[in-house]
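So the sequence shown is residues 64 to 254, counted in this note's numbering.
Note that beta-carbon positions come from the ideal geometry of N, C-alpha and C, so glycine has one too.
In this text, all values refer to a predicted model and were calculated from it rather than measured experimentally.
Written below as structure tokens is the structure these notes are about.
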Amino acid sequence: MLNVILCGAPGSGKGTQSDFLVKKYGLQHLSTGDVLRAEIKSGSALGKEIEAITSKGQLVPDAKMIDLIDNFIANLPKDSKGVIFDGFPRTVEQAKALTELLRKYNMSAVMLDMFVEEEELIERLLNRGKTSGRADDNYETIKQRLQVYKDVTKPVATYYLHNNNYFAINGNNTMEDTFAQIDNILQIVTK
Ligand code: AMP
């Protein structure tokens, strides 16, 4: 089983690279952002709670996110080729919980950390905001999300650097160039 953690700031291309990975490796894509947006769209009480947090560019509490991941892993099909964790873990607490969960199911994961310059991130997100309909793709919220990324999510990379398989990816160029780097790494780790 090939489990991939895609880490990177908002706008670094996690969703795009996930699509490439699904196509080439047949992995299951778990985007926590997509799951949360679906809950908001459902209009449930939980969705309203989540909307109040995500629209401010803040993070949903760890306990809720860890439950969501636990549930997802527990319900994976037996013949699953592996999972792309897109947007999780975003805190060191979540990373620790994921390590435990994967261990419980005798699994491990490769961490791919995508680096993109801040100016480029803002430009990409503002462009996406023109068509995405996402309440958090506006300048104010983008700035807030980038700050949360620096303060809370960046340390997740250090956690993996010390504990797991960690690979840094340059995500500044084309999406094809980024995928070529990812593909090279996965070819090596799956040998
Ligand atoms: P994304 O689509 O990955 O950019 O996520 C959109 C928003 O959903 C984030 O800005 C957070 O508010 C929330 N979110 C997504 N994943 C997580 C996570 N692992 N932990 C906490 N909040 C999350």
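Does DSSP put residue i in a helix, in a strand, or in coil?
| i | result |
| --- | --- |
| Phe178 | strand |
| Gln157 | helix |
| Gln80 | helix |
| Gln121 | coil |
Taking the alpha helix (DSSP H) that residue i belongs to, which residues open and close that run?
| i | result |
| --- | --- |
| Val252 | Met238 to Val252 |
| Val98 | Thr95 to Ser105 |
| Gly71 | That residue, Gly71, is in no alpha helix (DSSP H); its beta strand (DSSP E) goes Val67 to Gly71. |
Checking 8 Å against the spacing of the C-beta atoms, do residue i and residue j come in under that value?
| i | j | result |
| --- | --- | --- |
| Asn66 | Ser171 | yes |
| Phe148 | Leu69 | yes |
| Thr95 | Met64 | no |
| Ile299 | Ile185 | Outside the displayed span of the chain (64 to 254) sits residue 299, for which this structure offers no information. |
| Val215 | Leu122 | yes |
| Gly74 | Thr241 | no |
Nearest to residue i by CA position, among the options, is which residue?
| i | options | result |
| --- | --- | --- |
| Pro152 | Pro218, Ile251 and Asn169 | Pro218 |
| Asn134 | Val155, Leu161 and Leu224 | Leu161 |
| Asp97 | Gln207, Ser81, Lys141 and Asp176 | Ser81 |
| Lys86 | Lys254, Thr194, Asp246 and Thr253 | Asp246 |
| Leu90 | Asp142, Ala108, Leu164 and Lys104 | Asp142 |
| Asp125 | Thr154, Lys144, Tyr88 and Glu163 | Thr154 |
Can you tell me where the beta strand (DSSP E) with residue i in it begins and where it stops?
| i | result |
| --- | --- |
| Asn228 | Asn228 to Asn233 |
| Phe151 | First-last for Phe151: undefined, no H or E at that position. |
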